[in-house]
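Start counting the sequence shown at 0; every next residue gets the next number (numbering that gives the first Met the number 0). Have a look at the structure below, then the notes.
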Amino acid sequence: MITKPRQVPLRIRSLEALLRRIPSTHSKRPDIKSDLAKWTAGYKGERDVDYYLDHMPEEKYMILHDLRLPFDKYFFQIDTLLLSSKFLLILEIKNIAGTLYFETKTNQLIRSVNQQEEGFRDPLSQARRLRSSLKSFIADYVTHDFPMEYLIVISNSSTILKFQNNHPELVKRVCHASSLIDRINKLEDSYKTNLFTKEQLKEINNFLISSCRLQSTNVLELYKIHPSEILTGVHCPACRHLPSIRKKAKWHCPNCNKSFKDSYEETITDYFLLLQSSLTNRQLRHFLQLSSRSTALDILNSLNLSYTGTNKGRVYHSPFSPSHSDQ
């Protein structure tokens, strides 16, 4: 059973919003596009692995995706965690093409592609640190000893895996996504004792979900883009022209002459992703290029956003759960 679904990372959504909101000639566009491609590839790799996990027996596992948990003033992030009555399993997912060589002496992952080599952090060391952090994090909920396993899952089926001296630990811990279910079944066969009741697993599951924190990044700071460079107005959903013009309770595109009723929703999302986690009526009017305060109020009320304050002092808050995120 998938108890915490995987969602599009806020970094991807923020980068997409940024590309929508800066001029086509902006000097930072190539860097933003390159970073977006990397983040999208990582997310695609995770979704490719999810395909196999979606076919797991629902009654045997609780599956949590995208766990980001606070620990010792820092955070640790787990791509996927499986809870079973016999063990817990951390999945560290990598979407890396080419030939991967796992080197044991220096604990390094070396990728070869197009006759060029590139070094990566050792994913096994990373997974072991995650295991240690997670064990400490749930220590108050699990007082008895239990196995916590980890696997490095390579999502790209064409990636070639090579292990120094066929190191048994590497062979045991690294697999392609297509072999993942077999690896999980082997773990099931190797552990005979049920160490957790269903109720205990639910408690651990609920604790992890309630402790999870979203990661939000100020992409304007990251790319040194001033807020004044962000284009305002409502995009046309059909041709992407900016801005559309408000006419007779609809947004009219002067480029393709089409009209839409609720095309402002993406614009408000862009505001929260790029500028601030709070929004006033005045700020909405500026960003949507509206003149009517009452129209802006109707739009804000239609969004069912949480808010503080009253009347003209009312402030609306981002739907991206400020209490569950951090800069």
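Glycine included, each C-beta is placed from N, C-alpha and C at the ideal position. Because the structure is a prediction, the values reported are computed rather than measured.
Check	Outcome
Inter-stretch contact (C-beta, 8 Å, three-pair minimum) for the segment 87-98 and the segment 145-163	yes
Contacts around alanine 237, its chain only, beta-carbon distance under 6 Å, and the 5 residues preceding and following it disregarded	Cys255, Lys257
Check whether serine 276 and histidine 225 have beta carbons under 8 Å apart	no
Through-space distance from tyrosine 306 to proline 321, alpha-carbon basis	Confidence at proline 321 is low in this model, with a pLDDT of 42, below 50, so the placement of that residue should be treated as unreliable; the coordinate-derived value is given next. Taking the straight line joining both Cα atoms gives about 12 Å.
Separation of aspartate 34 from arginine 281, as counted between CA atoms	33 Å
Host alpha helix (DSSP H) of tyrosine 50 (start-end)	28-52
Simplified DSSP state of threonine 294, which is helix, strand or coil	helix
Straight-line gap, valine 7 to tyrosine 42 (C-alpha atoms, nearest Å)	7 Å
Cβ pair isoleucine 1, isoleucine 77 closer than 8 Å	no
DSSP bridge partner residues for arginine 329 (one or two, in chain order)	Coverage of the chain is limited to positions 0 through 326, which leaves residue 329 absent and any answer about it impossible.
Nearest candidate by alpha-carbon position, reference glutamate 187, set Glu45, Leu14, Ile244, Lys59	Lys59
Chain-order list of residues whose beta-carbon lies under 7 Å from that of threonine 266 (same chain, five-residue window excluded)	Val233, His234, Phe286, Leu287
Paired residues, beta bridge with histidine 64 - DSSP	Thr79
Boundaries (first-last residue) of the alpha helix (DSSP H) holding lysine 185	179-189
Spatial distance of threonine 142 from valine 218 (CA atoms)	41 Å
Between the CA atoms of lysine 93 and arginine 120 - distance to the nearest angstrom	11 Å
Assigned secondary structure, lysine 330 (DSSP; H/G/I helix, E/B strand, else coil)	Residue 330 falls outside the range modelled here, since the chain spans only 0 to 326, and no answer is possible.
Rounded separation between alanine 176 and lysine 260 - CA only	43 Å
Cβ contact (3+ pairs, closer than 8 Å) linking the segment 200-214 and the segment 122-140	yes
Reduced DSSP category for glutamine 6 - H, G, I as helix; E, B as strand; rest coil	coil
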